[in-house]
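First the structure, in the form of structure tokens, and then the observations on it.
Residue numbers (our numbering): 8 to 150.
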């Protein structure tokens, strides 16, 4: 019984301790179908891939909150994926939908748009579920 109790304390300590280092489950990739030109509204696409063995919840959806960067105009700063997925038969995405971020840059150059990506996920093997949030910097090259 001591071993089970010790193991339970160890697991609870890992789940609740500050600095807990869960692996990053969702990876964001940023791109643009066409080059973004200065003074013209363009669009960035944020697509996602999920680490093997994990699933990302549809409710609540994946959210991206951006902080305006100098020289960049954002029509809005908060984005969420749709909570519906026609392929899904449960509460998880089959394919996490992409997000489209409309942007307008004042002049050509390289920019970074900071933000925070938040989502909920579950491990398929052990049923462990958690919320994960991490900072992102969206690179933007403007012509």
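Cβ atoms here follow ideal geometry from the backbone N, Cα and C, with glycine treated the same way. Since this is a predicted model, take the numbers as computed values, not measurements.
The beta-bridge partner set that DSSP reports for residue 109 consists of 50.
Cβ contact annotation for residue 90 (same chain, cutoff 6 Å, sequence separation greater than five): 65, 66 and 68, in chain order. Rounded to whole angstroms, residue 81 and residue 133 show a C-alpha spacing of 40 Å.
Residue state for residue 142 is assigned as strand, using DSSP reduced to three classes. Taking a contact to require three or more Cβ pairs closer than 8 Å, the segment 88 to 103 and the segment 134 to 146 do not qualify as touching. Nearest in C-alpha terms to residue 146, of all of 33, 50 and 30, is 50.
Bounds of the beta strand (DSSP E) holding residue 121 are 116 to 130.
Counting only the Cα atoms, residue 55 lies some 13 Å from residue 143.
Beta-bridge partners of residue 150 (DSSP): none assigned.
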